[in-house]
Amino acid sequence: MTKTNDFDLCKQYVMNSIENNKKQLNHCQFELTKQEQQFQTCSIKELSFEQMEQRLKELVDRERKYLSKRNNDKLIKFKDDISEKQRLTTISTTSHMNNQENEYINRLITIREKQGEIWKEQLMLEIRIHCKFLPQNFDHLENFVSSIGYLPLNNNQKAIEIKNKRFKIIQEAKRHWLNYFLNIYEIKIQEYEQQYQNEFIKLESLLSNNNDKTMLNNIKEHINNRINRLKKDIYDKMTSFRRIILQNRQRSSSTKNVIGVSPEPYLNLISNPFDKRQWNYLSFGPSYIRVNQSAIRPKCQQETEIKNQHKDIYSKVENHLTGYPHLIPRNNAIFKQYSDHLLDYLNQSYFTPLSYKDQLISREQAQILGSIRRIIQNMNLIIRVTDKGNNFYIGSAVEFEKKAQKIFSDTNAFIELSHNPFNEIFDKVIQLLNTLRGKDLIRKWQYEQMMPDRTTCELAHLYFNPKTHKDGIPVRPIESTIHAATTNISKFLDKILRPVFDDKCKDTTIIDGASLITELSKYNKKGLLKSTTLFCTFDIRNLYTMLPQEEALDTLMTFLHVHGYRKVKGISIDTVKKLASIILKNNVFVYGKKIYKQTTGGAMGSSLTLTLANIFMAKWQTNIVEEQTKTGEFYGRYIDDIFMTWNRSEEELRKFLDDVNTWHPNIKLDYKIGNSLPFLDVQLTNNNGILSTSVY
897 MTKTNDFDLC
907 KQYVMNSIEN
917 NKKQLNHCQF
927 ELTKQEQQFQ
937 TCSIKELSFE
947 QMEQRLKELV
957 DRERKYLSKR
967 NNDKLIKFKD
977 DISEKQRLTT
987 ISTTSHMNNQ
997 ENEYINRLIT
1007 IREKQGEIWK
1017 EQLMLEIRIH
1027 CKFLPQNFDH
1037 LENFVSSIGY
1047 LPLNNNQKAI
1057 EIKNKRFKII
1067 QEAKRHWLNY
1077 FLNIYEIKIQ
1087 EYEQQYQNEF
1097 IKLESLLSNN
1107 NDKTMLNNIK
1117 EHINNRINRL
1127 KKDIYDKMTS
1137 FRRIILQNRQ
1147 RSSSTKNVIG
1157 VSPEPYLNLI
1167 SNPFDKRQWN
1177 YLSFGPSYIR
1187 VNQSAIRPKC
1197 QQETEIKNQH
1207 KDIYSKVENH
1217 LTGYPHLIPR
1227 NNAIFKQYSD
1237 HLLDYLNQSY
1247 FTPLSYKDQL
1257 ISREQAQILG
1267 SIRRIIQNMN
1277 LIIRVTDKGN
1287 NFYIGSAVEF
1297 EKKAQKIFSD
1307 TNAFIELSHN
1317 PFNEIFDKVI
1327 QLLNTLRGKD
1337 LIRKWQYEQM
1347 MPDRTTCELA
1357 HLYFNPKTHK
1367 DGIPVRPIES
1377 TIHAATTNIS
1387 KFLDKILRPV
1397 FDDKCKDTTI
1407 IDGASLITEL
1417 SKYNKKGLLK
1427 STTLFCTFDI
1437 RNLYTMLPQE
1447 EALDTLMTFL
1457 HVHGYRKVKG
1467 ISIDTVKKLA
1477 SIILKNNVFV
1487 YGKKIYKQTT
1497 GGAMGSSLTL
1507 TLANIFMAKW
1517 QTNIVEEQTK
1527 TGEFYGRYID
1537 DIFMTWNRSE
1547 EELRKFLDDV
1557 NTWHPNIKLD
1567 YKIGNSLPFL
1577 DVQLTNNNGI
1587 LSTSVY
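My numbering numbers the first residue of the sequence shown as 897 and each following residue consecutively.
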């Protein structure tokens, strides 16, 4: 363009530039106006003279401490520099120093400097990961996994499945590559550390022959000071490096379409309806807590919240202190003092003025959240927490309902009721507890603990969590039984039965990913992990839903009897069975606008169901455990997920698992076999007889 002499072309270029500048200016003015409006809506709270004086004193005190610390840091650095110069002079002028010793010192410093460079590169990569701006060579990986040139026509779900599989392949490949890079850095740092220790031992031996321990200590301090300064310089550089990376990421247009390694929501849609701010907010996941949520609410709402919190906290503390063993009378003046102090604290916490910056952040997050809700509502989407994950699933509400209905048809575990049986169930629970208490089969405090409150009781509610880690994304039914009539009984039984199971079945129970790694490390140290060792994982389909009720109750009785229990916490096992039975056989819930009763299994969401399922599976797995124990192989179970090792042929393993699949009509398993498999949050790999693990 700059080389042309065409007047019209130049004129058009200038006009286009002016138009673009106008658009940018209008956009900036719009954003400024928007921020100004947000600023104006921030409520300004008046402060008394005493409050302002207190804030000023705090500010002055904070600045004074900052200046004092800065001056002390400078003084310490100045003293260290003087000491270092004196030490260096002592080392260089001593009569015992020779060329060989100088060479050792130089080599030690060189090794530490090289180690520092590797550490610097590692920190830079970690900062890039944190800032979501990986080196370009990671992004080039996407070129090796070709983009989707063909998508099935008239089959959106298949197209979404293909798109998400490509995304997962690339993301997992990048994560493996990152893990490889970080491992290389660790290995190099360890190698330099070993070199340093070897060289230092040689220097130590040389100086000990000359009986010069003072010289050795001076050299050690000199090298350590050099390295500490090097580390500080690296840390200082990392601050500016982080700022540069964030600026580059902000300016880069390529980052918008690049697949990252950080956790994101699982989007089960053809295209993403959310903008960048909304997507970043969703990427924080279910555990993220929005800052200062109450600060931007109207004062009347805040006062109501304070009142509710005060009532809840005070009643819990009062009930605890008036009960055994404290037995403080309720009319004791200390409760009035506590109530006043608690109310003052809550008022101070809620009504302490926020900075304008915090108010703007709070309002912005509230607006983002509101816009996300509108998109979900307008597009008829559904958002759920993923099963066994810590991220969101976002998809079509219609397609999600199809998955839910498939659970109803596949399991045949639910029947629709034509009436509401709430009163009937509630009366059954009351009658059973009254009967047991009347016959002195349960104590008074146990009776009171299990008794439901009619004013708060309601039917359970069913919802589904998507299993995004499985093909086809099936869903897991979960019942919210928090206010069900049988919930108190369920909690009580779980509290007394779970410790029994945990104690008797700890050898085959996997607690979490870390405990599995510990057990496999023991297996490895025994020399049982070979280059040909296979890993196998399998999970039970819909375990909670397909648990046979009568058989589960009989299994519970057998389990307690075998382990010598005739009573549990003073309650006979026959009474335990009656209490467990009323929970399983009166599981009624609401889904949509219909009422259902569960005829098979128990409610996932009920405390007792987990313990019953664990006890049932402990019996079911007996033959597998015996087979694995005979051959020295590992077997462990985390509820309905199982991990085991195998040192025979894959064909024999498949035959064995196919046979296991016929043991019980309700217990069906899906298995995977390989030398690298994920289990819970861990990726376990057999690298030619070497166990390696990474976060999954």
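C-beta atoms are modelled at their ideal positions from N, C-alpha and C, and glycine is treated no differently. None of the values given here were measured: they were computed from a predicted structure.
Enumerate in chain order the residues of its own chain whose CB-to-CB distance from residue i is below 8 Å, with the five nearest sequence positions on each side excluded.
| i | result |
| --- | --- |
| residue 1635 | Because the chain here runs from 897 to 1592, residue 1635 falls outside it and cannot be looked at. |
| residue 1053 | 1295 |
| residue 1165 | 1056, 1277, 1290, 1291 and 1292 |
Among the options, which residue has its Cα nearest to the Cα of residue i?
| i | options | result |
| --- | --- | --- |
| residue 1540 | 1577, 1505, 1405 and 981 | 1405 |
| residue 1327 | 957, 1297 and 1381 | 1381 |
| residue 1450 | 1436, 1440, 1018 and 1472 | 1472 |
| residue 1390 | 1194, 1507, 1456 and 1538 | 1507 |
| residue 1336 | 1204, 1004, 1466 and 901 | 1466 |
| residue 1524 | 1513, 1549 and 1510 | 1549 |
| residue 1433 | 1542, 1464 and 1219 | 1542 |
| residue 1400 | 1461, 1411 and 1447 | 1461 |
| residue 1366 | 957, 1437 and 1355 | 1437 |
| residue 1615 | 1564, 1583 and 1565 | Lying outside 897 to 1592, the shown extent of the chain, residue 1615 is not represented and no answer is given. |
| residue 1126 | 1019, 1008 and 1180 | 1008 |
| residue 1314 | 1081, 1490, 1147 and 1144 | 1490 |
Counting C-beta neighbours from all protein chains within 10 Å, is the total for residue i 16 or more, i.e. buried, or is it exposed?
| i | result |
| --- | --- |
| residue 1503 | buried |
| residue 870 | Beyond the ends of the chain as shown, which are 897 and 1592, falls residue 870; an answer cannot be given. |
| residue 1099 | buried |
| residue 1528 | exposed |
| residue 874 | With the chain covering 897 to 1592 only, the question about residue 874 has no answer from this structure. |
| residue 1372 | buried |
| residue 974 | exposed |
| residue 1203 | exposed |
| residue 1229 | exposed |
| residue 1454 | exposed |
| residue 1088 | buried |
| residue 897 | Since pLDDT at residue 897 reaches only 49, below the 50 mark, its modelled position is unreliable, and no value is offered. |
| residue 1301 | exposed |
| residue 1286 | exposed |
| residue 1593 | Because residue 1593 is not part of the residues shown, which for the chain are 897 to 1592, the question remains open. |
| residue 1161 | buried |
| residue 1275 | exposed |
| residue 1377 | buried |
| residue 1513 | buried |
| residue 1386 | buried |
| residue 1011 | buried |
| residue 1338 | buried |
Enumerate in chain order the residues of its own chain whose CB-to-CB distance from residue i is below 6 Å, with the five nearest sequence positions on each side excluded.
| i | result |
| --- | --- |
| residue 1237 | none |
| residue 1345 | 1388 |
| residue 1483 | 1494 and 1499 |
Nearest-angstrom Cα distance between residue i and residue j?
| i | j | result |
| --- | --- | --- |
| residue 1198 | residue 908 | 59 Å |
| residue 1178 | residue 1270 | 14 Å |
| residue 1113 | residue 1104 | 11 Å |
| residue 1323 | residue 1478 | 12 Å |
| residue 1570 | residue 1499 | 33 Å |
| residue 1397 | residue 1534 | 13 Å |
| residue 1069 | residue 1063 | 10 Å |
| residue 1362 | residue 1370 | 6 Å |
| residue 1233 | residue 1207 | 14 Å |
| residue 916 | residue 903 | 20 Å |
| residue 965 | residue 1132 | 18 Å |
| residue 1219 | residue 1241 | 25 Å |
| residue 1015 | residue 1135 | 15 Å |
| residue 1561 | residue 1464 | 31 Å |
| residue 1312 | residue 1305 | 12 Å |
| residue 1157 | residue 1039 | 16 Å |
| residue 1593 | residue 1442 | Residue 1593 cannot be examined here, being either before or after the span of the chain that is shown, 897 to 1592. |
| residue 1174 | residue 1522 | 52 Å |
| residue 998 | residue 1429 | 52 Å |
Short of 7 Å in beta carbon distance, which residues of its chain neighbour residue i, apart from the five on each side in sequence? Order them along the chain.
| i | result |
| --- | --- |
| residue 1190 | 1198, 1201 and 1246 |
| residue 1590 | 1075 and 1579 |
| residue 1169 | 1271 and 1275 |
So, under 8 Å CB-CB, residue i and residue j are touching, yes? Tell me the CB distance rounded to an integer number of Å.
| i | j | result |
| --- | --- | --- |
| residue 1154 | residue 969 | In fact, because the Cβ distance is near 41 Å, the residues do not count as touching under 8 Å. |
| residue 1585 | residue 1426 | 5 Å |
| residue 1358 | residue 1486 | 7 Å |
| residue 1587 | residue 1384 | Rounded, the Cβ-Cβ distance is 45 Å, inconsistent with contact. |
| residue 1566 | residue 1435 | 6 Å |
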